[in-house]
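J.: From first to last, the protein sequence lines stand for chains W and Z.
Numbered as in the working numbering, the first sequence ends at 251 without a single skipped number.
Numbered as in the working numbering, the second sequence ends at 192 without a single skipped number.
There's a structure below that I have some questions on.
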Amino acid sequence: MNQPQEYIDAYLRGELSPEQVQEFEQEMKTNKELAQALNERQKLMNVIDLLGDQQLQRRVGQIAKEYHEKGQTKPTRLRIMRSAWWVAAAGIALLVCAYFLLNRTPPTPQELYAANFSLYPIEIGTRSELNDTMRLELEAEKRYNSGAFAEVLPLLDSAAILTADTKWQLAKGICQMELGDHQAAVRSLQVLITEQDILYEMPARWYTALSYLKLGDLDQAQAQLEVLASNSGGFRQSEAVELIEAVKQNR
Amino acid sequence: MQPIEEDLLHLLRSTNSRDTDRAFRILYEEQYPIVARYISSRSGQTQAADDLFQEGLIVLYKMARQGRLDHVKSIPQYLFTVCKHFWYRQQQQKGQTVAIEDQVTEIVENPTVLSHLFATERGQLIDKLLQQLGTDCKTLLIHFYYDRLSMKEILQKMHYNSEAALKNKKSKCMKKLRDLCEAIPQLRNLLN
């Protein structure tokens, strides 16, 4: 390791091969100077991160300004209106409100998805004795609740965890939704629907409907929602009724 | 990954800032109205949506540069998820109760550094640091460590004679940055 700074940079930028990473980390265990140099470099990188964030924030801020100036959506700002203009402004506001009430466009399927999607809670609680599957479940729960959806999916590849509790089949579908793979999500959730899972069939139908919205398949979305809406007092029944109306407006 | 997603990822990873700005514009057009509507439906202000969306774009940019978006099927949707996490975190910090099924305990990308960045005092310190560091050093270090450009790519942008000269400059800039941080008491804390 003749040029440690370059090696440290390559390590921090993820440019070393797995073998080189292993070698580097092994070297660090015995070489205190190297460990210290790495530590210092990481801290300086944090400072550079702040510099970069500030520079990028200015660019993004400028783009936001251009976007709002084009008039698509104005950011809310408090304005002090002079009293002489108040009555006129209120009158115009009333006219504008009336215009939008009469002419408002229904939310798009994408917007309906965004307004209705929320994570299904996955909590498995604490257990005194843990076997391998339980450890896997705890890890999956932790990653799911931390939003690391891509990291949950490899854990769910284990047949043991999926058979331990069918909620993991639901979680698999939801993770795929969060990662934008709605075709895969529909396939995963369909397992619970086909098997008429006593606990998770209805949640699976709800999330399937949302995925179909995202895929632009309004017929399939509505079909799933109809089942939920007809299940009096059941999971998301009232939301399904409202969503069906909104879907109909999109036709 | 769909073609539009590949294009977005390609733009976000481009060495040309015009490309990344174009990706930001596309995402603003496509995804901002959805985020704004989501937040306003939860009694949030449009200004809050704007701030969160900008933070989300910055996180997305950094993740793209670090190769952490390769597995993501939909970049616009991922951005929405990031903004949603920021929103919940902000609500929790304000002490507001968030419905259990909407709760997300930890964000994919820890926003601590960002949240400090927008504080006025921190912003002034960073400005001071930038001023003393000089344009060349700032550009070089940001290109290498933040934008993750290779030395060859930086060489094309900064017109140094050789990679060796550029590496030499980088070492000097890092030393200068360390010395500056040591000299400014508030920044020294960042190193400790």
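Positions of the beta carbon are idealized from the N, C-alpha and C atoms, including for glycine.
Please state whether DSSP places N231 (chain W) in a helix, a strand or coil.
T.: N231 (chain W): coil per DSSP, three-state reduction.
J.: Give the interface partners of Y160 (chain Z) over in chain W, defined as CB-CB distance under 9 Å, in chain order.
T.: Taking the beta carbon of Y160 (chain Z) as reference, no residue of chain W falls within 9 Å; the closest one sits roughly 17 Å away.
J.: At 8 Å on the CB atoms, spell out the chain Z contacts of M45 (chain W), in chain order.
T.: Y145
J.: Within the 8 Å Cβ cut-off, does K157 (chain Z) reach chain W?
T.: no
J.: Which runs of the alpha helix (DSSP H) fall wholly inside the segment 127-169 of chain Z and span at least 4 residues, in chain order?
T.: 135-141 and 151-158
J.: Do the CB positions of P4 (chain W) and A35 (chain W) come within less than 8 Å of each other?
T.: no
J.: Taking one C-beta from the segment 176-190 of chain W and one from the segment 205-212 of chain W each time, how about it: are there three or more such pairs within less than 8 Å?
T.: yes
J.: Give the straight-line distance between the Cα atoms of D51 (chain Z) and V60 (chain W), rounded to the nearest whole angstrom.
T.: Distance between the alpha carbons of D51 (chain Z) and V60 (chain W) is about 10 Å.
J.: Is E27 (chain W) near the ligand NAD, going by C-beta to nearest heavy atom under 7 Å?
T.: Here there are no bound small molecules, and the ligand NAD is not part of this structure.
J.: How many angstroms separate the CA atom of I48 (chain W) from the CA atom of R68 (chain Z)?
T.: 19 Å
J.: Is L119 (chain W) helix, strand or coil by DSSP?
T.: coil
J.: Using a C-beta to C-beta distance shorter than 8 Å, which residues of chain Z count as neighbours of D217 (chain W)?
T.: By Cβ distance, chain Z contributes nothing, its closest Cβ being about 16 Å from D217 (chain W), past 8 Å.
J.: So the alpha helix (DSSP H) H68 (chain W) belongs to, where does it begin and stop?
T.: K32 to E69
J.: Give a yes or no on whether the C-beta atoms belonging to A64 (chain W) and Q54 (chain Z) are separated by under 8 Å.
T.: Yes; because the gap between Cβ atoms is below 8 Å, this pair is in contact.
J.: Between the segment 8-18 of chain W and the segment 78-91 of chain Z, do three or more beta carbon pairs fall short of 8 Å?
T.: no
J.: Using only CA atoms, which one of W:E141, W:Y7, W:Q42 and W:E40 lies nearest to E27 (chain W)?
T.: W:Y7
J.: Report yes or no: is there a C-beta of chain Z within less than 8 Å of the C-beta of A10 (chain W)?
T.: no
J.: Give me the subset of the segment 163-175 of chain Z whose CB atoms are less than 8 Å from a CB atom of chain W, sorted by chain position.
T.: K167, S171 and M174
J.: At the level of alpha carbons, what is the spacing between Q55 (chain W) and N145 (chain W)?
T.: The alpha-carbon atoms of Q55 (chain W) and N145 (chain W) are separated by roughly 32 Å.
J.: Step through the CB atoms of chain W and report whether any lies within less than 8 Å of the CB of H10 (chain Z).
T.: no
J.: Along chain W, in chain order, which residues have C-beta atoms closer than 8 Å to that of F80 (chain Z)?
T.: Those are A114, listed as they occur along chain W.
J.: Tell whether a beta-carbon distance below 8 Å holds between Q110 (chain W) and K214 (chain W).
T.: yes
J.: Is the Cβ of L141 (chain Z) closer than 8 Å to any Cβ of chain W?
T.: yes
J.: Determine the DSSP secondary structure at T108 (chain W), reduced to helix, strand or coil.
T.: In the three-state scheme derived from DSSP, where H, G and I count as helix and E and B as strand, T108 (chain W) is classed as coil.
J.: Does the beta carbon of L177 (chain Z) sit closer than 8 Å to a beta carbon anywhere in chain W?
T.: yes
J.: Take the Cβ of S211 (chain W) as the centre, count every other Cβ of all protein chains shown within 10 Å, and call the residue buried at 16 or more, exposed below.
T.: buried
J.: Give the DSSP-derived three-state secondary structure of S74 (chain Z) in the structure shown.
T.: Secondary structure at S74 (chain Z): coil, using DSSP grouped into helix, strand and coil.
J.: Assuming V247 (chain W) and A221 (chain W) form a contact by the criterion Cβ under 8 Å, report the distance between their Cβ atoms to the nearest whole angstrom.
T.: 6 Å
J.: Is the segment 15-34 of chain Z in contact with the segment 63-81 of chain Z, if contact means three or more CB pairs nearer than 8 Å?
T.: yes
J.: Expressed to the nearest angstrom, what Euclidean distance is found between the alpha-carbon atoms of S162 (chain Z) and E123 (chain W)?
T.: Cα-Cα distance, rounded: 57 Å.
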